[in-house]
RNA sequence: GCCCAGGUGGCGGAAUUGGUAGACGCGCACGACUCAAACUCGUGUACCUCUGGUGUGCGGGUUCGAUUCCCGCCCUGGGCACCA
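Residue numbers (our numbering): 1 to 919.
As structure tokens, this is what we get:
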């Protein structure tokens, strides 16, 4: 009987589906284990072999945990709202839900072809109204909550309103957009509209006029994490800064907790570091500089110790005081800086960090201590969104201020000794404070402390922790997303009632903005609430639906709440979250933010949603390039290309054979422009190509399709090979050729189970069992260390050892089938059946290792001379060190290597090695 | 510029606490089977000036012994990038 993966895989996939083998148990008494994959966006091009890498690894863990007696939650779903489906809708007029549904179907088929053990009865799709109803509900909950900095948690707006009723803003500790000062009377006498304006200052989901990243080509705003190098992540369009009224999320309220929470997480250092950097905590002081005319200007600085080195102040071009401060003579210069800054795209701003532009406003401020007159400048290197949008410039000790001072001839005053400030700014914290009045002679650390004390005592400002992270813009001017469940009573936002949810996406005639520039939802008529108020026209961003889906899987059909309290309690945290490192600062931060909020409101038992995170590496493609002689349609083999002037053009890797040669007729048929191609072959008659490792993508023509690999080598072959390629977290190139080793392995496994005698003699039985126990031990170790590539090697070693025996005991084969099943589940099911067992192998207990099989009676001691291994001798395990030494010294080969030299020292490491030092 | 990860044969990679560097697989070479080829099976395969020597990016150090620990540097990949 031949090993036929196609038949076996079809058979078992049907069996699993019909018997609901992977359905998670409800009300189980078993311990739980939650293994989650980052759900995919179902793109039109389907999966390539890189996508399933993480899914295979997590599926192995899920299956291993089932064998180990856990009730496993291993779900899959789709992040189904998003730009590509909408762009396609704009081009074709087809509703994005149709494209999305087709793509999801294809993804589901592709995933099932690989034999994943998902419980599909829990599938979620973010674009499904029964799902986004709860995304909208969460939005309303955030709208109806504020962050109490006193209790350090989110609370219902009711407690805020109660405080305002009684005290106004007195003693109110709240995360807010700007700090307000109101008496209880002011609040109580305010109109509904004025009250809402005040509340907006505190709500966790709120509207504000803010600087946004506007992408004209996509016609929408983008979050910082949706931009790469100044271009939109999707589509690569330029992005500019623009001020707009926008829905935002007050994630900054959670900055400190999001930072602290990282310490308890079992995540890679690189992801934790990028989150820390993104949050960007810095300590310093807010400091007031008074102006001539009653006004004052506030700056944020992390170096209050250098306060006597301030020689000018700089405002961002957008700073609200710029216009008021600028004198008539300076108006032109300042205006030109402001206009220039406004015109710059994000991209230009980043490309050009070496030059600064600025102008003097004509105004002065007074130094808070020395009362010296300091000129106030406008400079484009100061960002309006960070700190107060104004800085005290200390050019001697800040390189950006230094650059600015040099360019405009402003004074540079050394206040920390130790640098060479005629050459560059001295930013080190190692130094003694000089020319600084009461700070003279102190270290930087001492001066920081004392300066803040003095600033606070004299009422000039206060110590302050500042975060780089900004609040997240939430509205998108797009169609294919969750509608925001808000109506407007004139300008006052009014939340829809929970009973009115879901607010379903309306039908529109086109998926484009209206002629007036309104988002596509404005095309719906009427787009208004049941009581006739106009509805919000922006939709939620992609990250809304994906920030809580891991909770919905716990309780996917609940119509009463987004997740039931008992289910949330039982499943707790995600034990293992597998996904790409590209979500380091987007999805993973937003999900943590929302989950902290749910925790504060008492809806989930943990603030942190993902206990352990593993980032699978990228599988790269190996692109192929053909040489074309410049200006012709003649193509030349790579081996001859050096004799011609050529350009290299990418070729679909389907047209390349295993010797890196081009299928010439196939190439001519591939694209019309190559129909008339002529070829100059090398002496072997081949058309050699250049190969290069790059990211796998459709546009590079280097995509390998998992379906095709599974058809040729079986799903189990694909699974084993993806794991065998190398460490999970590393990037590595895909080379289909290598999979033949896996094929050979699986066939040899099959032979062991179908042709090998099961009546071993005692010696063979012991040898076979030793191999089996060592295999189980190794695989178990690898499971705990996510080292799946070495497990595949261990399987091969076991099979090689067993193949050399004439018979195998059934106990060895049984262990093998169970241990193989997480990796190659279809084959393992079939093997389990061949041993006479009834299905399924899925819940068979993981074999127990008999440690006596792991220990050998004798140890092959390597014998080294001066650290170089020369030979080995077998010595009984328990032999004491002194005896090992004499055995080695008495060995005939030892004499040869001593070769008349003196033995200076003999090192015996019991059980390991012998090293003889001669000289 | 800053932060993080990594650098081992022709290739993917292994080496679990400082203890035999190159497991396992690909590729390649030779052999068996075959009229022949493919498949399959077997043997070999780090390098060199080969009774020996060298070798885990480079240079140093610690140690009886270093891919592993320490110092300095180079390169590759990823992230951040005027954050005061």
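For glycine and all other residues, C-beta sits at the position ideal for the given N, C-alpha and C.
DSSP places residue 36 in no alpha helix (DSSP H) but in the uninterrupted beta strand (DSSP E) bounded by 32-37. When secondary structure is reduced to three states using DSSP, residue 627 falls in the strand class. For residue 489, the beta-bridge partners assigned by DSSP are 492. Put simply, the backbone Cα of residue 547 is about 51 Å away from that of residue 809. Rounded to the nearest angstrom, the gap between the Cα atoms of residue 526 and residue 138 is 25 Å.
Ranked by how close their Cα comes to the Cα of residue 551, the residues 518, 594 and 911 have 594 in first place.
In this structure, residue 253 and residue 204 form a Cβ contact; the two beta carbons are roughly 7 Å apart against a cut-off of 8 Å.
Shown here, residue 272 sits in a helix according to DSSP, grouped into three states. Remark: C-beta atoms of residue 116 and residue 79 do not approach each other more closely than 8 Å. For residue 307, the closest alpha carbon among the candidates 395, 358, 797 and 264 is that of 395. Excluding sequence positions up to five before and after residue 186, its CB lies within less than 7 Å of the CB of 168, all in the same chain and listed in chain order. Remark: C-beta atoms of residue 255 and residue 271 do not approach each other more closely than 8 Å. The stretch 642-689 is shown to contain whole alpha helix (DSSP H) runs of 4 or more residues at 664-670, in chain order.
Under the criterion of beta carbons closer than 8 Å, residue 305 and residue 433 qualify as touching, at roughly 6 Å. Residue 735 is a Cβ neighbour of residue 622, given a cutoff of 8 Å.
Taking C-beta atoms as the reference points, residue 841 and residue 817 count as a pair closer than 8 Å. Contact check for residue 620 and residue 727: beta-carbon distance about 14 Å, past the 8 Å limit, so the pair fails to qualify. Per the C-alpha coordinates, the member of 242, 161 and 207 positioned closest to residue 178 is 207. An exposed status is given to residue 194, since fewer than 16 other beta-carbon atoms sit within 10 Å of its beta-carbon.
Here the stretch 259-275 makes contact with the stretch 580-593; the two share three or more CB pairs at distances below 8 Å. Residue 692 places its beta carbon less than 8 Å from that of residue 625.
Note on geometry: alpha-carbon atoms of residue 909 and residue 876 lie some 14 Å from one another. Around the C-beta of residue 245, fewer than 16 other C-beta atoms lie within 10 Å, and the residue is accordingly described as exposed. Annotation: the continuous alpha helix (DSSP H) that includes residue 600 extends over 587-600. Residue 1 counts as exposed, since fewer than 16 other C-beta atoms from the protein chains shown sit within 10 angstroms of its C-beta. Residue 506 sits away from residue 496, with the two beta carbons spaced by 8 Å or more. Here the alpha carbons of residue 262 and residue 337 stand approximately 41 Å from one another. Here the stretch 101-115 lies against the stretch 48-56, with 3 or more beta-carbon pairs under 8 Å apart. Here the alpha carbon of residue 48 sits roughly 8 Å from the alpha carbon of residue 696. Residue 798 is a Cβ neighbour of residue 771, given a cutoff of 8 Å. With a cutoff of 8 Å on beta-carbon distance, residue 399 and residue 430 are scored as not near each other.
Of 640, 653 and 670, the smallest CA-CA separation from residue 685 is found for 640. For residue 554, the three-state secondary structure derived from DSSP is coil. About 6 Å separates the beta carbon of residue 615 from that of residue 729, a gap short enough to meet the 8 Å contact definition. In terms of CA proximity to residue 259, 608 leads the group 574, 608, 542 and 32. Excluding five sequence positions before and after residue 227, the CB atoms of its chain that fall closer than 7 Å to its own CB belong to 213, 233, 239 and 346, given in chain order.
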